[in-house]
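Engineer: Heads up: the sequence shown runs through residues 1 to 217, numbered per the numbering used here. Ideal placement from N, C-alpha and C gives every residue a C-beta, glycine not left out. In this text, all values refer to a predicted model and were calculated from it rather than measured experimentally. Please read through the structure below; I'll follow up with questions.
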Amino acid sequence: MKLGVPIVGADVGVWANDLRRWIARTWDTLSFKETGAQATQNGVMLWDTAGYPVISKDGAWRQIVLADGYAAFGQDTDITAALADTAYAITWEAADLADGITRAGSPATKITATEAGKYVLSFTAQIQSTSASTINFRFWPRLNGVDVSGSTMVCALHTNGSTLTVSRSAIFELAAADYIEAMWATDSTSGLLKAHAATAYAPASPSVTLAVIRIRQ
């Protein structure tokens, strides 16, 4: 689609009406970025056929991220380990908020990106011990079935009945249809991820949460 000021013809009155209609039609419309368009000047905004506005910066077209590509997942029940020193993928309940991010699998452990881009993932877990001995917990992400190198978060509890919330945020570059799983393990089956019921003065607390936000292409 090409937009341009109407050409002046023989009748200035007709041209003026054409110009008025053109301004009304295009005043709030971005021009489409044509194939081969060069970002030679900073600050030029166009509409890419991929479905996003783009702006020129430092010789490149940068995508302007719209309000999609986000989700908030959680689990409102306890999560236990059947065996010690064994990796388990966390199962997620349906998202409270989601657009462009889905869960999949049976059970639903896979968080899938509809679009490629860079995503911030923020994970929390509420760990609990039912033993007086020290219990170690490990959490890490698994991308497309492969553990992400150097990503494990290690924490420990030392007191029977103690509870601690641990968290970490990281940026991941995902292709369309990539999926991430949140993995965990404990060196004792006396360690669990604990959800707490609501009280008369405070709402319930989930055992785990995961927030996903797409920040750029």
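#1: Report the three-state DSSP secondary structure of W140 (helix, strand or coil).
#2: So what's A197 in DSSP terms, helix, strand or just coil?
#3: Within 10 angstroms of its Cβ, does I180 collect 16 or more other Cβ (buried), or is it exposed?
#4: Using CA coordinates, which residue listed in A16, G51, G59 and T165 is at the minimum distance from G36?
#5: First and last residue of the beta strand (DSSP E) that includes W92?
#6: Rounded to a whole number of angstroms, what is the C-alpha to C-alpha distance between V14 and W61?
#7: Between the beta-carbon of L46 and the beta-carbon of Q128, is there less than 8 angstroms?
#8: Restricting to Cα atoms, I'd like to know which of T159, D11 and V212 is closest to T112.
#9: Let me know the secondary structure DSSP gives G231 once reduced to three states.
#10: Using the rule of at least 16 other Cβ atoms within 10 Å of the residue's Cβ for burial, across every protein chain shown, is A176 buried or exposed?
#11: Quick one: what does DSSP say D18 is sitting in, helix, strand or coil?
#12: Straight-line CA distance for I135 to A72?
#13: With DSSP run on the structure shown, which of helix, strand or coil describes P53?
#14: Would a C-beta distance cut-off of 8 angstroms place G100 and T114 closer than the cut-off?
#15: Could you check what DSSP says for Q41 in three-state terms: helix, strand or coil?
#16: On the three-state DSSP scale, how would you describe M1?
#17: Within its chain, find whatever has a CB closer than 8 angstroms to the CB of G161; leave out the 5 residues flanking it on each side and keep chain order.
#18: Do you know offhand how far A198's Cα is from D147's?
Structural biologist: The structure says:
#1: Here the question's residue 140 lines up with position 140 in the sequence shown. The answer is strand: DSSP assigns W140 an E or B state.
#2: Mapped onto the sequence shown, residue 197 falls at position 197. Here A197 sits in coil by DSSP.
#3: The residue you call residue 180 lines up with position 180 of the sequence shown. Buried, by the Cβ-count rule.
#4: The residue you call residue 36 lines up with position 36 of the sequence shown. The residue with the shortest Cα to Cα distance from G36 is G59.
#5: Residue 92 sits at position 92 when you count from the first residue of the sequence shown. No beta strand (DSSP E) contains W92, which DSSP labels as neither H nor E.
#6: Here residue 14 refers to the residue found at position 14 of the sequence shown. Here residue 61 refers to the residue found at position 61 of the sequence shown. Taken atom to atom, the span from the alpha-carbon of V14 to that of W61 is near 38 angstroms.
#7: Taking the first residue of the sequence shown as 1, we reach residue 46 at position 46. Taking the first residue of the sequence shown as 1, we reach residue 128 at position 128. Cβ atoms of L46 and Q128: not closer than 8 angstroms.
#8: Start at 1 with the first residue of the sequence shown, and residue 112 comes out as number 112. Selected option, being the one with the closest Cα: V212.
#9: This structure cannot settle anything about residue 231, because the visible part of the chain is limited to 1 through 217.
#10: Taking the sequence shown and counting its residues from 1, the one referred to as residue 176 is at position 176. It counts as exposed.
#11: Indexing the sequence shown from 1 puts residue 18 at position 18. Helix.
#12: For the purposes of this step, residue 135 is taken as residue 135 along the sequence shown, with counting starting at 1. For the purposes of this step, residue 72 is taken as residue 72 along the sequence shown, with counting starting at 1. Straight-line Cα distance between these residues: approximately 29 angstroms.
#13: Indexing the sequence shown from 1 puts residue 53 at position 53. In the displayed model, P53 falls within a strand according to three-state DSSP.
#14: Along the sequence shown, read from residue 1 onward, the residue named residue 100 stands at position 100. Along the sequence shown, read from residue 1 onward, the residue named residue 114 stands at position 114. For G100 and T114, yes; Cβs fall inside 8 angstroms.
#15: Here residue 41 is taken as the residue at index 41 of the sequence shown, counted from 1. Note: Q41 maps to coil in three-state DSSP.
#16: Taking the first residue of the sequence shown as 1, we reach residue 1 at position 1. At M1 the pLDDT is 42, less than 50, meaning the model places this residue with poor confidence; the figure from the coordinates comes in the next sentence. M1: coil per DSSP, three-state reduction.
#17: Reading the sequence shown from its first residue, position 161 is the one you call residue 161. Listed in chain order, the non-local C-beta contacts of G161 below 8 angstroms within the same chain comprise Q128, S129 and T130, local neighbours out to five positions each way being set aside.
#18: What you label residue 198 is simply residue 198 of the sequence shown in a count that begins at 1. What you label residue 147 is simply residue 147 of the sequence shown in a count that begins at 1. The alpha-carbon of A198 is positioned some 35 angstroms away from that of D147.
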